[in-house]
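Chemist: Dropping a structure here in structure tokens format, bear with me for questions.
Protein chains: 2
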Amino acid sequence: MTSSPVTIGLLGCGSVGGALVELIAERADAIADTTGLRLGIGSVAVRSAAKSRSGLSDDLLTTDARAVVNDPTIDVIVEVIGGIEPARELILEAMKNGKPVITANKELLANCGAELYGAAAAAGVDLLFEAAAAGAIPIVRPLRESLLGEDVRRIMGIVNGTTNYILTKMAEEGADYGEALGEAQRLGYAERDPTADVEGFDAGAKAAIMASLAFGARVVAGDVYHEGISEVSQADIAFAHRLGYEIKLLAIAEVFGTGTDREIGVRVHPSMVPADHPLAAVRDSYNAVFVEGAAAGQLMFYGRGAGGRPTASAVLGDLIDAALNLGQRSHRRVPGGGQPAKIRPIDELESAYYLNLEVDDSPGVLAEVAGVFGRHGVSIRSMEQEGLGREARLVFITHLARERDLQATVSELRSLGVVTGVRSLMRVIGE
Amino acid sequence: MTSSPVTIGLLGCGSVGGALVELIAERADAIADTTGLRLGIGSVAVRSAAKSRSGLSDDLLTTDARAVVNDPTIDVIVEVIGGIEPARELILEAMKNGKPVITANKELLANCGAELYGAAAAAGVDLLFEAAAAGAIPIVRPLRESLLGEDVRRIMGIVNGTTNYILTKMAEEGADYGEALGEAQRLGYAERDPTADVEGFDAGAKAAIMASLAFGARVVAGDVYHEGISEVSQADIAFAHRLGYEIKLLAIAEVFGTGTDREIGVRVHPSMVPADHPLAAVRDSYNAVFVEGAAAGQLMFYGRGAGGRPTASAVLGDLIDAALNLGQRSHRRVPGGGQPAKIRPIDELESAYYLNLEVDDSPGVLAEVAGVFGRHGVSIRSMEQEGLGREARLVFITHLARERDLQATVSELRSLGVVTGVRSLMRVIGE
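Line by line, the protein sequences are chains A and B. Counted from 1, the first sequence has number 294 at position 300 by the working numbering; the numbering is strictly sequential. Counted from 1, the second sequence has number 349 at position 355 by the working numbering; the numbering is strictly sequential.
In structure tokens, the structure reads:
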């Protein structure tokens, strides 16, 4: 097969960019054999050209990223700088110049996706971002293409490796949250400031991107309700196991109604997942995205959601795709930015709930507590009681209830004299 | 969005074809909104036009399939007849006429894939077959596109729902093989003649298709070694559980070496899978494909591998893709049929093994048995012994060993006076 050379302009050379440079060197011959493409790095924009980079000759490095996106010898741009600016401006400029762009930048897409998709469509170039939704897991292409005819009703994802690692350590080794976080930091799975991961911001950005693709409507990071895992305790995990659940941080995107009444709910929070659900078996830093379609049924996509080489692998797949499209003068259909989605607020969303209360151990308490649930229309599916000396613990699982009603129930429970404390409250995933 | 009409010629109207007709009716408006395509059925070739079909007016039905593929008003052909002829000739003729083809026909692709891929490339039309590898699970598109740059080393799939249903019933409800098969037949999961499923032919065809895609070489159904599940006993399952495994019928495709030394091994057989492996959690009639890549790491794709509506959903995704490509006058890159793969025969493949022997309960027996393993270079990882009155049971798990050496070990064991019987032999999947 004759090889057509394709010259890459790389913006950023951190862990993903560096891994991509290595991977292209390793795989160039195989890719040329399979596809007829000869991939080569033409230019790499970095913050400091003084730092030496293995596998890259110094004359490829530049600190002028704008020059790279305007360089007529560059065929394709890969953006792995991260953050919103200057990534956004550089990508827009590259596309205006007719260059396809591959990006792994979830923050940018979750905030400015519609603008970028629109600009790609206007310029008639590829904007590919498989690495931005769930790392190495091919989920963007299936959502964009395979499931285009499918009525996707719900997506539930474990899309943050750091928090899944922490929850796995807590569940399997009895570590408490602080210990597990510390270990994740020592292993490089968690950042020194872990806020973006443990408070659900990272998962929220990915949820916004996937919801936009799956439902064909514009969902942005700010639309996502989120709670993190820092309040999850060993006691919660022990109760979850006893009741047949695992605790996972889930990103959930759902669609309700059709036509002009259609609403989308997007949220990230710790969830109790039935032990025989496929998501319950996703351990350590692995990610998985569970998709429910009206005709396809349940689908799940599992793999590495982060890490230099896995992420670079997803970028490389997109890169080959864009390069082949360039050769055919075609490009992928870009997802319509769509109209801004009508977001159903968390208060209106329904879930089953787990509630763990400490109460006085005296006659009539259960009736009093149950009465509060009843007054707010929250129906109880199961209850367990255990003695704690002069107090007792009541553990409830409810049927589906509206968040607003549940919160009202909890407020009233807190005000009851017989309730010592509401120890925890967690949403429960049904079948 | 203005709608461009796309007229479909459907070959075959059984469970998948019928579900597709329904699905198109349900989803036509949504698809027009999202993609600007107005899908319509132009003609349906059936064996008997006398039978009435819900949702189809009689004047769409014809018994002349050849007329459909030659009809200039038909834009796209969907083939769901199954089997090799006349499907093969009809598809070739349709593509020669410039019509893209969607097929769910695994038997045809596993036997004549290279010819069809070549004809599609020559005609410059789409030949899409997402539904042929693992039903509703999007695995073809990821293998064809997302992982094109990836060095895929191994694929392991649970790709037959009937056998997975039977093994799940045996494992969870203690049913024996015959009972579980009977129940699968009553529920419509297994055919009256279940041979194609339970003896691994169906899984073998899917393995050949996936190996061809993943390794870019021509692998056909006849290259696949297969063993079915009819010999799997309750005793095997009990031992598997005790040792921390689940028994699954796996289709395994592996690549060894590189360049001209490259060999491919493809096999289907019952396997002991570690209980914490993601494949172990795939229950009932669900399917999953586990892919191991050098850079991407472990990936898994999970969902419904069969059934009218799930399969029709995969066909519909391909149909929209082909229709959009028609509008853009582009088409998917077809996988090179590739050179015929150099197949590594089963004798040369390596695996760990589980062996269950009944032996005389007398001193020196273990040493004699262990000596046989040693003579054939098969190394023992673990052994358990249990008394059976005057006999004893020895259960071995070996380290990786070559099939030929293991078979020689078993032959010699059978010839030993102290060995009453080799009760079972099963391959064990490592980490």
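For every residue, glycine included, the Cβ atom is placed at its ideal position computed from N, Cα and C. Keep in mind the model is a prediction, meaning the values are calculated, not measured.
Have a look at B:Gly92, B:Leu410 and B:Val363 and flag the residue whose alpha-carbon is nearest the alpha-carbon of Asn319 (chain B).
Modeler: It is B:Gly92.
Chemist: Assign Arg261 (chain A) to buried or exposed, taking buried as 16 or more other Cβ atoms, counted over all protein chains shown, within 10 Å of its Cβ.
Modeler: Arg261 (chain A) is buried by the Cβ-count criterion.
Chemist: Assuming contact is defined by CB atoms lying nearer than 8 angstroms, are Gly49 (chain B) and Ser(-2) (chain B) in contact in what I supplied?
Modeler: Result no, Cβ atoms of Gly49 (chain B) and Ser(-2) (chain B) do not sit closer than 8 angstroms.
Chemist: Counting along the chain, where does the alpha helix (DSSP H) carrying Ala16 (chain B) start and finish?
Modeler: It should be noted that the sequence gives Glu, not Ala, for residue 16 (chain B). Per DSSP, Glu16 (chain B) belongs to the alpha helix (DSSP H) from Ser9 to Thr29.
Chemist: Compare the C-beta of Gln322 (chain B) against all C-beta atoms of chain A and say whether one is closer than 8 angstroms.
Modeler: Yes - at least one Cβ of chain A is within 8 angstroms of the one on Gln322 (chain B).
Chemist: Asp315 (chain B) CB to nearest chain A CB: under 8 angstroms?
Modeler: Interface residue, yes.
Chemist: Among the candidates B:Leu419, B:Leu388, B:Ile160 and B:Thr414, whose CA atom is the shortest distance from the CA of Glu397 (chain B)?
Modeler: The shortest C-alpha separation from Glu397 (chain B) is found at B:Leu419.
Chemist: Using 8 angstroms as the Cβ pair cut-off and three pairs as the minimum, do the region 350 to 369 of chain B and the region 405 to 414 of chain B touch?
Modeler: Flag = yes, the region 350 to 369 of chain B and the region 405 to 414 of chain B touch.
Chemist: Closer than 9 angstroms by beta-carbon distance: list the chain B residues that pair up with Gly311 (chain A), in chain order.
Modeler: Here the neighbours are Pro136, Glu139, Ser140, Leu141, Leu142, Gly143, Glu144 and Ala290.
Chemist: Which class does Asn281 (chain B) belong to by DSSP, given the choice of helix, strand or coil?
Modeler: The answer is strand: DSSP assigns Asn281 (chain B) an E or B state.
Chemist: Tell me where the beta strand (DSSP E) around Phe295 (chain B) begins and ends.
Modeler: Run containing Phe295 (chain B): Gly291 to Arg298, per the beta strand (DSSP E) assignment.
Chemist: Compile a chain-ordered list of the residues in the region 278 to 289 of chain A whose CB is closer than 7 angstroms to at least one CB of chain B.
Modeler: Cβ contacts with chain B: Gly287 and Ala289.
Chemist: So if I threshold CB-CB distances at 7 angstroms, which residues from the region 293 to 304 of chain B count as touching chain A?
Modeler: Listed by position, the residues of the region 293 to 304 of chain B near chain A (Cβ gap below 7 angstroms) are Leu293, Met294, Phe295, Tyr296, Gly297, Arg298, Arg303 and Pro304.
Chemist: Please report the straight-line C-alpha distance between Tyr280 (chain A) and Gly299 (chain A), rounded to a whole angstrom.
Modeler: Going from the Cα of Tyr280 (chain A) to the Cα of Gly299 (chain A) covers about 6 angstroms.
Chemist: With DSSP as the reference, please indicate the residues paired to Ala346 (chain B) in a beta bridge.
Modeler: Note: Ala346 (chain B) sits in a beta bridge opposite B:Val422.
Chemist: For Gly76 (chain A) and Gly76 (chain B), what's the separation of their Cα atoms in angstroms?
Modeler: Each residue's alpha carbon lies about 48 angstroms from the other.
Chemist: Can you list, in chain order, the stretches of the alpha helix (DSSP H) that have 4 or more residues and sit fully within the region 357 to 425 of chain A?
Modeler: As far as the region 357 to 425 of chain A is concerned, its whole alpha helix (DSSP H) runs of at least 4 residues are 359 to 369 and 397 to 409.
Chemist: Tell me the DSSP bridge mates of Gly287 (chain B)?
Modeler: BP columns for Gly287 (chain B) point to B:Val146 and B:Gly291.
Chemist: Closer than 8 angstroms between beta carbons: that is the criterion. Which residues of the region 207 to 226 of chain A meet it against chain B?
Modeler: Cβ contacts with chain B: Gly210.
Chemist: Can you tell me whether Leu66 (chain B) is helix, strand or coil according to DSSP?
Modeler: Residue identity differs from the one stated: residue 66 (chain B) is Pro in this sequence, not Leu. Reduced to three states, the DSSP call for Pro66 (chain B) is coil.
Chemist: Using the C-alpha atoms, what's the distance from Ala184 (chain A) back to Ala208 (chain B)?
Modeler: Taking the straight line from one Cα to the other gives about 33 angstroms.
Chemist: Using CA atoms only, rank isn't needed, just tell me which of A:Ile133, A:Lys45 and A:Leu55 is closest to Ala39 (chain A).
Modeler: Per the Cα distances, A:Leu55.
Chemist: Mind checking if Thr67 (chain B) is an interface residue toward chain A, Cβ cutoff 8 angstroms exclusive?
Modeler: It does not; no Cβ of chain A falls within 8 angstroms.
Chemist: Leaving out the 5 sequence neighbours to the left and right, which residues in its chain are closer than 6 angstroms to Pro334 (chain B) when beta-carbon positions are compared?
Modeler: Hits under 6 angstroms: Arg212.
Chemist: Between the Cα of Gln179 (chain B) and the Cα atoms of B:Tyr159, B:Leu237 and B:Leu14, which residue gives the shortest distance?
Modeler: Measuring from the Cα of Gln179 (chain B), the nearest candidate turns out to be B:Tyr159.
Chemist: Do the CB positions of Gly297 (chain B) and Ile68 (chain B) come within less than 8 angstroms of each other?
Modeler: Against a cut-off of 8 angstroms, the Cβ pair of Ile68 (chain B) and Gly297 (chain B) comes out as no contact.
Chemist: When the Cα of Thr254 (chain B) is compared with those of B:Val309, B:Lys336, B:Gly36 and B:Val74, which residue comes out closest?
Modeler: Of the candidates B:Val309, B:Lys336, B:Gly36 and B:Val74, the one whose C-alpha sits nearest the C-alpha of Thr254 (chain B) is B:Lys336.
Chemist: Consider the Cβ of Ser307 (chain A): report whether some Cβ of chain B lies at a distance smaller than 8 angstroms.
Modeler: So, interface residue.
Chemist: Name the chain B residues whose beta carbon is nearer than 9 angstroms to that of Arg147 (chain A)?
Modeler: Neighbours of Arg147 (chain A) on chain B: none; closest Cβ ~13 angstroms, over 9 angstroms.
Chemist: Counting only Cβ pairs nearer than 9 angstroms, list the residues of chain A close to Thr254 (chain B).
Modeler: Result: empty, since nearest Cβ-Cβ is about 12 angstroms, beyond 9 angstroms.
Chemist: Using a Cβ-based criterion (distance less than 7 angstroms to any ligand heavy atom), does Arg408 (chain B) qualify as near the ligand COA?
Modeler: For the ligand COA, the structure offers nothing, since it holds no ligand at all.
Chemist: Return the chain-ordered list of same chain residues with a C-beta closer than 6 angstroms to the C-beta of Met377 (chain A), the five sequence neighbours on each side being excluded.
Modeler: For Met377 (chain A), where only same-chain residues beyond five positions count, the Cβ hits under 6 angstroms are Phe390.
Chemist: At a Cβ threshold of 8 angstroms, is Ile131 (chain B) touching chain A?
Modeler: Interface residue, yes.
Chemist: Report the neighbours of Ala165 (chain B) on chain A: residues whose CB is nearer than 8 angstroms to its CB, in chain order.
Modeler: Under the 8 angstroms cutoff, chain A gives no residues; its nearest Cβ is about 13 angstroms from Ala165 (chain B).
Chemist: Could you say which of A:His370, A:Thr157, A:Ser206 and A:Glu225 lies nearest to Tyr111 (chain A) if we only look at CA atoms?
Modeler: Looking at the Cα atoms, A:Ser206 is the closest of the given residues.
Chemist: Please list, in chain order, the chain B residues whose beta carbon lies closer than 8 angstroms to that of Ile25 (chain A).
Modeler: The contacting residues are Leu142 and Gly143.
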